[in-house]
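These notes are about the structure you will find just below.
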Amino acid sequence: MSVYFADIDAVCSTLGWMDGDVYKMDPEAMQGLKHLIWILKQDRPAHECRRYIGGKRIVQTDLIPMVISNFDKPDVVDVLLRLLVNLSFPTLLLYNGNYPRDAVGQRKVMRLIEICEEYKEAFSVKSFWSVLGDRLEKILHTDWSERSEADSLIIERILILIRNVLQVPANVEREKQFDNDASQHDCLLWALHQAGILDMVLYVLGSPHENRFLIHALEIVSLVYREQAAAHLADATLKRSTAEKKTDELLLIKARQQSGAGSSSASGAGASGRKPLSTRHSRFRGTYTYTNVKSISDSDAVCHQSLEKIMRLDLGTEKSRQKPSFRQAKETVTLERKSIFSVRLFLREYCMEILRVYNNMVRQVRRYLDQNGSSVSEFHDDSYLLWAIRFFLEFNRLSGFKIELVSESLSVDTFHWIVTRLETYIDNITSDKTRKSIWARRLQLAVQTYRELLYNMHALEKTLDEKAKELLSLLQNNIFYVVEYRETTIHLLTNFNQSHHTRSYLRDVVEVAHVFFSMLQRFCKGTVRVQQRVKAKRKKTSKKQPRKEENPEEEQENIEIRWLQEAPTIAALLENSEPLRNDLPTPFDSASSVPIDEQKGNCVTRIHSLLRNKQYEQAIKMLYAGRSVWTTDDCFGRETASPDEDLITLNAIFTANIASVTDQQENEGELPGESEDEDETEESEVKAYSMEKDFKFEDFSKRLVDHRVVDACTLVLSDWEKIKTPCLKAAVTLLYRVCVEHKMPSMLFQLSLLRVFQTVLNAPEDGHSSELRRLAIYTVRQLQQKQLTGVADDGGLLFAELLFSKPTRIATAMEIGYDEVYNELEHKRGDGKGWNEQEEEELRRLFVENQENPQTDQDVIDWLLENLINKNRTRRGVMKKLKELGLVFKGPTKKSNRQSKASEWTDELDAKLGVLYDELRLEKNPLKAIAEGLDKKFTRPAIVRRMIRNGLIADESEIKPAKRVKSSTRRNDERRRTDDDESDEEENSSQDDEDEGDEAYELDEADVQRHLKALGGNAKEAIQWLIECFEDVLQLYEDSEPSEDTEGGSPIIPIAAHQTAALKMPEFKRLLRALGVLDVGKQSVYHRIPFKFGVEALKKRIDILKKSFENPTDSPMDEDEHEPNTVAHDEVTIRSPDRFERERRSMSPLLVSNDEEDDDENNAGVDETGPKETTNSSPASFKRHRSDSSDSAPEMSLNVSKAKKKRKMLVLSSDEED
């Protein structure tokens, strides 16, 4: 950096010299100025070169005189403006809005700020700004279309230079100026005013062609009025107003009172207090006692200090002060002062001039912000507009209130824009936490602007002008009608966070809430309808019940009778059909992906529904429209058809059974996408919507009864001596609404608020704190009355509640009693009060009665709930109380009742099932017909399993409707049939899970033994693992209470390798199905032992598995070796491989393993070991042949058994040959 410093010294010494009042430039000065610009670009983040140049004071000694003397030279203008703009650049922007936190960096920042203050003082020269003003005026007189880019850059640089100088903050300690004295900022404003710079800024604001510099001009105006208050400028007249005199007198009296109180406390009381204490050390030492000051015991406090310290007794001198939390938002100091009288006068006149172009300025800035979008938020452009609206609206309100001057802001659009700004800033505070302080300041500015708009609405109420009344009515009917505007105020008040917002922001919010509620209360004197947000209730979707099928012949007869009744009306319309041929509707959906030629059926359906709904004119129009589109089709009639022919066409459409297809789909069951549509419907129904309702202000103001509102007002009143009187009255009014209007004084029983009341009551009376004093007296009286005549069940908690902020429920409990509130809450929840001795005795007596004299199979808990006196008890509560009392019951529960009440197959039902199968097996859908023919309702999978068990069918595909196969090749045909079988199996499994479970745990020991024999002795580990799983579930049932859940089950999770391998074996899967274990499905990954199994059912399955494990039998191969090896060839039924695949997928116990089928397929083509498969019939024809040939169950079972034995013989012979 030493090289740069040497260059700076060399440049500063060769810039030029002063010759009287004229500055002479050195011939090398231009190169030196450019070199300084280059050095500033190379500067480091610590800004050493900038601080070194500021220390050389070249701006004061060289650059400003150079501008005054040589600004007429075009080459000098550009370089000088660039250098001055660079040197006066704001310090905050040099550090990108984040000052360093270390001590060294902060000292460097303070040095840069001092340099900028010196620059500001040097720029307070009229001659300097006169030169710039002349050049700026000359360029602005040029038409904007003929202006060069260099001239536009000069205008922009001059405006930026003005901005940089004005933004330097005032240093009160350095200036040491009082109000009504000329500060440094006032001197600069006066120089700008005398040079005519502010008039040119006003021209830019009002010109429609200078939009490029509009934001710069608006920023300059905001910096001009930064230290000014609109109220002081509005009262700036040649004479002091009465209000101003009264305010000054009150401030003087308050200052004298504070000084008198300080001197009296320092000097003591009485005549002796007037004599100052000697500074000489007191030689009289000893021990003293304080009168009326008690120690830990009952005696007086003892003091071992000197007499001087005793006279200034203060028990809190040695206490360590609590440090403020670093998480709290730092208060931003906004300096407001009265400028010198002459400055205030010209600023007031300048405000009046700006008001004349105010509407155009706001309109142009709003258009600029809308065009640039979100990018303006990075440069604070929206903040300048918010400030301008607030400041000039306040100035106009206090200086005559001319509505026509600010009509652009007094609109619903402005309210909407400000509310959207509020919502955006609130969201950015939580999302952009690194810049939350910036967003918090913008939020406070938006709140201040919103408050000023409400003040202007309040001023409109006092205006007698008819236009003002119309404008007020328009604003109130929109602001108070829309729910978002009402919710904004409540949201701001209840969501104050000290880590994000400052106390000054909270004071503004309290004022906004006070003004809004006051105006809303006056607006709601009569009946008012406003918009309210209503949350829709979730509707429970239920499955549609299938319609009762009517006799088709009777239905057709009714339709024909109805047509005979309506035909004359339709014929009359057809006779006069000329008016109906105009404005024909579109008979097809142009947005649909379906071609127009294929939408003819939809048009016919629409005509059918219109005729059935007696909308004959629309039906005739739709007929003519369809005829005009589909001209080659005869379903709509000919183009030249007569009315009689059209009547015949309509008769054919009317009597057609088009709606039966839809009814059949509804009866078949729920469509695959129906549940998703229902979920989407429920989600849409839950969303809130807006509707009109009668508005009651009392109900809306009840939302102020919130501990967050009370805490916010308490925080505002903690600084009651410093805040302004309107803010203090606003906070007191909000607490008055809570305490008096809503009769909740207990919400104000807080120790922090009582401390505020204590200081107010001890302070001298004045007009500032009169309202707060009245509230304090009322609250303290209510507290004393509550202490004397409090509720009996508070347990002495009244003073403990003073330490905490209280929700509404606790405050209500303090008013009417804790038992009343909390017992009522429990009663609403359905739990009632706790169990007393009488209720416990009643429960014990009923339990003993039920266990000793069981009269029915009703659930024990249900029986107890019916006989208890208190009908608000729940099942869970009764079971919990039984467990606490040690009453263990062994009786029927919901699960056992469901097992006992499960539907069972009787001999009569089996016989009827066989008869129905013989009668209906040739139907199009035999399974549906059989299910409808049974007297007792069973699920279709249950019927299929029962028919397989009875031997009526071998596979469910025999009674299911045939699938349409579009593929021509056999491979596609087999793949399609396999996919259909898999989908049918998944559908059956899902329907089986929804069943009551009557077939899930019925146990057939013979079937289980058969599958155990099929496994053989190689699956001992798998069977032992299965026994352990059943024993774990049994132990779980014995250790815990009976579960109320009847869906699902306990999963069987494989861990070891042999367990995973066992679950892959088809024989082991069949064993699990025979034991009633739930298979895997869409919602479950593992096999599950159902919850429906009782203790006895689990023990029975464990016993069967243990017997098989202890006494293993021979494998099926060994059994087959002892059977005869000769079977007649003509008695064996040969099946196709596709048939074997479908049998393998079914749940029939007559199936064989995969290995046996594979061996059968491998040996099917060997001539020596057995006959070849020579059948050429398709699976469908074979299915029909099988259904027709199986006349009785024993014959079918015998054929299947013989075929199975034959396949085993083929496998054995092939193994021996190998």
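Each residue of the sequence shown is one higher than the one before, starting from 68 at the first, in this note's numbering. Backbone N, C-alpha and C fix where the C-beta goes; we use that ideal spot for every residue, glycine too. It should be emphasised that the depicted structure is a prediction, and the values quoted were computed from it without experimental measurement.
Buried versus exposed call for residue i [16 or more other C-beta atoms within 10 Å across all chains shown]
i, result
"P793", "exposed"
"T716", "buried"
"V15", "Any question about residue 15 goes unanswered here, given that the chain covers just 68 to 1285."
"D76", "exposed"
"R1202", "Caution is warranted here: a pLDDT of 39 is assigned to R1202, below 50, making its placement in the model unreliable, and the coordinate value is therefore given only provisionally. Burial call: buried."
"T81", "exposed"
"N903", "exposed"
"W211", "exposed"
"Q905", "exposed"
"F1097", "buried"
"Q109", "exposed"
"S1213", "Here the model assigns S1213 a pLDDT of 38, short of 50, so the residue's position is not dependable and the matter cannot be decided."
"E578", "buried"
"H855", "Note that residue 855 is Leu in the sequence shown here, rather than His. Exposed is the call here."
Residue i (DSSP reduced to helix, strand or coil)
i, result
"F762", "strand"
"L935", "coil"
"C591", "coil"
"G87", "coil"
"M92", "strand"
"A368", "strand"
"D76", "helix"
"K500", "helix"
"Q1058", "In this prediction, Q1058 scores a pLDDT of 43, lower than 50, which makes its location untrustworthy; no coordinate-derived value is stated."
"Q666", "helix"
"Y270", "helix"
"V70", "helix"
"K405", "coil"
"T356", "strand"
"L1145", "strand"
"I1119", "strand"
Range of the contiguous beta strand (DSSP E) that encloses residue i
i, result
"P710", "Premise fails: P710 lies in the alpha helix (DSSP H), P710 to T722, not in any beta strand (DSSP E)."
"T158", "Counting along the chain, T158 falls outside any beta strand (DSSP E), though it belongs to the alpha helix (DSSP H) covering T158 to L161."
"H208", "Taken as a continuous stretch (DSSP letters only), H208 belongs to no beta strand (DSSP E), being part of the alpha helix (DSSP H) at K193 to H208."
"G467", "It is not in any beta strand (DSSP E) - G467 carries neither H nor E in the DSSP assignment."
"R1155", "H1154 to P1157"
Within 8 Å, strictly: CB atoms of residue i and residue j
i, j, result
"D365", "T358", "no"
"V827", "W787", "yes"
"W630", "N544", "no"
"V1144", "I1119", "yes"
"T569", "E403", "no"
"V134", "F72", "no"
"L300", "F459", "no"
"I1094", "I1169", "yes"
"W257", "V78", "no"
"M586", "L521", "yes"
"F1135", "A1086", "yes"
"L994", "I1015", "no"
"P874", "Q849", "no"
"I720", "I674", "yes"
"F762", "R596", "yes"
"V271", "L281", "yes"
"S155", "L228", "yes"
Terminal residues of the alpha helix (DSSP H) in which residue i lies
i, result
"Y522", "K503 to K529"
"S155", "Where S155 is concerned, there is no enclosing alpha helix (DSSP H), given that its DSSP letter is neither H nor E."
"D437", "Y425 to N439"
Residue i Cβ short of 7 Å to the ligand FAD heavy atom set
i, result
"L987", "Ligands displayed in this structure: none; no statement on the ligand FAD is therefore possible."
Those runs of the beta strand (DSSP E) which lie wholly inside the region 833–861 and span at least 3 residues: List check, beta strand (DSSP E) in window: nothing returned.
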